[in-house]
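In mature numbering (1 follows the signal peptide of the UniProt record, and there is no 0), the protein residues as written are -31 to -1, 1 to 422.
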């Protein structure tokens, strides 16, 4: 097995080193009693108080349940957390619980403990679970992980409301107020309206900051765009659906036109580029969780106080919201699976989820729609209510999305890593292909994935 260009042995060596080098503040949390012990590796939150909130919750649980917990936070710089997971899955040793990136649950499904009992109790208490979380965490009819709160994000539009009103004539705060209902003009928030606004803001020197490269921010927003046009490349059975697909052709033509109203270098942007565009004051809109706004609040408060989060636009097939979840997995070779399940169930409770989300300026998204009403999203600012519409709410009339669904997970993961949705746009907008030529290329790439090439 190769991991990001590394051999299996190299991944094992790197994974072992990652735990030592990447763990932040990992004291043994002692509890009196004989409930055994757990070793836990969670994603190292970009908000320092996010780790603090997790430590406090785990400490509380460990003391009440008499379980000794060693808690490590491993960051994703250089794929450290992902390499640690690969190493542990191969060696069948390491932590009992580990944070898994969206597609990793499917990769390691055969060494992950089923958690249907935990999920069923949570659903009975809190209602339906996010369908994208289910798509990613359920394999062969069994849940192989518990959708996490910490680190899970939506990517709606963060808008400079002053620039959008001045240059595009749209009052986004009136359209999407910090209340449980849509305002005047919300029904006109479509991709057609979006394109017109993008062109006007681009002409005024405040281009939308939309990446079109191979990083996740680009793949995610383009994935939601494609779904809103009903443009799927592969169906749930793994059948390639490119040939004669008018919806796919239409959305590519739309994206090519939109790209002309964006900065020239968006094809090379990484996941920090859109943040920088907003924080610099030179962009009127980005698709992002509140991280860009939070950094602006710290470094450029005059920018942050003019930001307002609103849903993504709607297309002919509806409104979709880019969603990128983390999942907590329990290795089936772990030593204390009963305690591991109990801890993850505790961290999924409403009170725990709200404690985590409240400490991260509302960044973390629970997997249950019934938890979209936490107070932090009403009160966070400036301006107060700026992230009210960050979680998906009923009046948005939207669905969560991840690029390349509903294709089988093992194929969709490869399509995602290869960024086939942005690349097919680039072949037309940058490479000089006709749409027919680009679609032909896309069909060949997809058939290669299906054949295992």
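In this text, a Cβ means the ideal position worked out from N, Cα and C, and glycines have one as well. As the structure is a prediction and not an experimental result, all values here were calculated from the model.
Where residue 351 falls, given that 16 or more other Cβ within 10 Å makes a residue buried
exposed
What do you get for residue 109, buried or exposed, if any count of 16 or more other CB atoms within 10 angstroms of its CB means buried?
exposed
What span of residues does the beta strand (DSSP E) with residue 39 cover, start to end?
37 to 43
Can you give the Cα-Cα distance for residue 16 and residue 328, rounded to whole angstroms?
8 Å
Give the range of the alpha helix (DSSP H) segment to which residue 95 is assigned.
85 to 95
Please name the residue in 259, 331, 398, 322 whose C-alpha comes closest to that of residue 231.
398
From residue 104 to residue 222, what does the alpha carbon distance come to, in whole angstroms?
29 Å
Quick check on DSSP: helix, strand or coil for residue -5?
Because the pLDDT at residue -5 is just 41, under 50, the model does not fix this residue reliably, and the value given afterwards should be weighed accordingly. Correct three-state label for residue -5: coil.
Compute the distance between the beta-carbons of residue 298 and residue 88, then report whether it is under 9 Å.
no
Select from 154, 129, 209, 214 the residue whose C-alpha is nearest the C-alpha of residue 198.
214
From the DSSP output, in three-state form, read off residue 47 for me.
helix
Give the single residue among 219, 173, 126, 374 whose Cα lies nearest to the Cα of residue 408.
219
Residue burial classification, residue 421 (beta-carbon count within 10 angstroms, cutoff 16)
exposed
Answer yes or no: do residue 361 and residue 389 have a C-beta to C-beta separation smaller than 9 Å?
no
Residues near residue -10 by beta carbon distance below 6 Å, same chain, minus five either side:
Its pLDDT being 41, under 50, residue -10 is placed unreliably in this model, and the value from its coordinates should be taken loosely. Answer for residue -10: 43, 44, 49, listed in chain order.
Per-residue DSSP class, three states only, for residue 69:
strand
Suppose the cutoff is 7 Å on Cβ atoms and the five residues either side in sequence are ignored; what does the same chain contact list for residue 225 look like?
394, 397, 398
Please name the residue, chosen from 302, 366, 86, 107, that lies closest to residue 158 on a Cα-to-Cα basis.
366
Closest to residue 118 by CA distance: which of 13, 141, 131, 182 is it?
13
Could you check how far apart the C-beta atoms of residue 255 and residue 261 are, in whole angstroms? I think they sit under 8 Å.
6 Å
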